[in-house]
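J.:
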Ligand code: ADP
């Protein structure tokens, strides 16, 4: 049916990236149409995705037969075969309907996809490399950069943030960061309130600029 169809996401290329993405979508309740040129790939995802089809995505006719042009979202997850990625992108761009998300494996690849007009170009290796850089420096357990001046960091409550209510400590003024949530040892994550008191061993989620959140995470 039309309503069901519009919620289906096509994933082209069931490699490590596309495969993981497709399974995650399915487990979140989204129907996935998985497309791959390799019979082995198709075989291994059979039964795990709503639909799995063997097809060459560089062929416009094949995409039409699979009704990719009627979907709202398509993810182009072919990486290492640059030619196949670019050809597929140009075919998809002829369709009015789906929003196209494409994976780029290098800077030039990403540039070409941008130039073609692909709506969302993702660069997983580059982005993950950047993210891990923040983790290996220590002190930071998770790092999400929404913007250079809006970063979410999971870290431990430093001494400077302990034993007195947050509104009294006024970390915003002193360190330019806000504690948005806290998890006591053995407890659960809770949003913080002005009267929240952090203790040694608590984990916290802080928000602030890149530099401010990093230096706060390195406090003793
Ligand atoms: P990853 O690095 O995420 O594993 P790859 O680029 O190595 O990604 O894998 C991409 C997948 O795309 C492979 O499973 C490959 O069979 C598939 N693929 C490559 N070319 C085409 C094509 N023209 N049509 C459909 N699938 C393709």
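Numbering (UniProt numbering), first residue to last: 12 to 231.
Even for Gly, the Cβ is constructed at its ideal location relative to N, Cα and C.
(1) Taking DSSP's pairing of strands, which residues face residue 166 in a bridge?
(2) Taking the beta strand (DSSP E) that residue 229 falls in, what are its first and last residues?
(3) Helix or strand or just coil, what does DSSP make of residue 44?
(4) Report the CB separation of residue 209 from residue 192 in whole angstroms; it is logged as a contact under 8 Å.
(5) Which complete beta strand (DSSP E) runs does the UniProt domain "RCK N-terminal" (17–133) hold, if anything under 3 residues is left out?
(6) Going by beta carbon distance, what residues of the same chain come within less than 8 Å of residue 157, once the five residues before and after it are set aside?
(7) Excluding the five sequence neighbours on either side, which residues of its own chain have a C-beta within less than 6 Å of the C-beta of residue 112, listed in chain order?
(8) What are the boundary residues of the beta strand (DSSP E) that includes residue 185?
(9) With DSSP collapsed to three states, give me the class of residue 223.
T.: A quick look at the data gives this:
(1) 215
(2) Here residue 229 belongs to no beta strand (DSSP E), and DSSP marks it neither H nor E.
(3) strand
(4) No, residue 209 and residue 192 are not in contact; Cβ-Cβ is about 11 Å, not under 8 Å.
(5) 20–23, 43–47, 62–65, 84–87, 110–114, 131–133
(6) 163
(7) 86, 131
(8) Run containing residue 185: none in the beta strand (DSSP E); it sits in the alpha helix (DSSP H), 182–186.
(9) helix
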